[in-house]
Amino acid sequence: MPAICYLAFDGNAKDAISFYQSIFKGTPSTIMTYKDFPDPDYQTPEAIKDLVMHAEIEVFGSRVMISDMPRGFGLDPVIGNNFSVAVISSDLDALKEAFLKIAEGGKIITAFEKSFFSEGYGYCFDKFGIGWQFIAE
331 MPAICYLAFD GNAKDAISFY QSIFKGTPST IMTYKDFPDP DYQTPEAIKD
381 LVMHAEIEVF GSRVMISDMP RGFGLDPVIG NNFSVAVISS DLDALKEAFL
431 KIAEGGKIIT AFEKSFFSEG YGYCFDKFGI GWQFIAE
């Protein structure tokens, strides 16, 4: 299971992606914005439609994930919570078990469950305040 850095930005993720690209010469994956959210029952607020929901860049052979963290959705970006560790695996059971253990004494942001982009996804902060995202690949 690789652990990947996941960076969150305050509305300027596209600028950050361009900046990092100029340094590391990588091409980002497709940049998904919040208006691309595939749930027809969800009405994306106008203010966040063009913000980055998810993108990836390569930094010396490693993946770095990037998104904007829109304000007012329960977790506003501040220095210190604007990154997390993303754990990625095809072993759904191992991911869920690790998620539940690391969340003990911490705070679950998104319960580990199936999502539109993954068979299993969960986001939490551990008891030390570190953000963790578990993503089934």
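This note's numbering numbers the first residue of the sequence shown as 331 and each following residue consecutively.
Note that the Cβ used here is the ideal one computed from N, Cα and C, for glycine as well.
Applying the 10 Å Cβ sphere with the 16-neighbour rule, what's the burial state of residue i?
| i | result |
| --- | --- |
| TYR364 | buried |
| PHE442 | buried |
| ILE409 | exposed |
| TYR453 | buried |
| ILE353 | exposed |
Does DSSP classify residue i as helix, strand or coil?
| i | result |
| --- | --- |
| SER420 | coil |
| ILE361 | coil |
| TYR339 | As written in the sequence, residue 339 is Phe, which differs from the Tyr given in the question. Of the three classes helix, strand and coil, the one that applies to PHE339 here is strand, per DSSP. |
| PHE442 | strand |
| LYS355 | coil |
| ILE347 | helix |
Figure out for me which residue from the options has the closest Cα to the Cα of residue i.
| i | options | result |
| --- | --- | --- |
| SER397 | GLU376, THR360, PHE354, ALA428 | THR360 |
| TYR350 | LEU337, GLY341, MET362 | LEU337 |
| SER419 | GLY461, GLU449, SER348, GLN373 | GLU449 |
| GLU388 | GLU376, LYS444, GLY356, ILE409 | GLY356 |
| HIS384 | ALA416, ALA377, ASP371 | ALA416 |
| VAL438 | ILE347, GLY461, ASP366, ASP371 | Val is not the amino acid found at residue 438; the sequence shown has Ile there. That would be GLY461, whose Cα lies nearest to the Cα of ILE438. |
| PRO368 | PHE447, ALA333, SER414 | PHE447 |
| LYS379 | GLU386, ASP366, PRO370 | ASP366 |
| PRO400 | TYR451, SER392, ASN342 | ASN342 |
| MET395 | VAL382, CYS335, PHE464, GLN463 | CYS335 |
| VAL382 | ILE409, PRO370, ASP340 | ASP340 |
| GLN463 | GLY436, SER445, SER414, ALA424 | SER414 |
| SER348 | GLU386, GLN373, GLY404, PRO332 | GLU386 |
| PRO375 | GLU427, PHE403, LEU425, GLY436 | PHE403 |
| LEU425 | PRO332, ALA466, MET362, ALA346 | ALA466 |
Tell me which residue opens and which closes the beta strand (DSSP E) that residue i is part of.
| i | result |
| --- | --- |
| GLN373 | Per DSSP, GLN373 belongs to no beta strand (DSSP E) and is neither H nor E. |
| SER392 | 392-398 |
| GLY452 | 451-455 |
| GLU388 | 382-389 |
| GLY461 | 461-466 |
query = Per the contact definition of three or more C-beta pairs closer than 8 Å, is the segment 429-440 in contact with the segment 451-458?
reply = Here the segment 451-458 lies against the segment 429-440, with 3 or more beta-carbon pairs under 8 Å apart.
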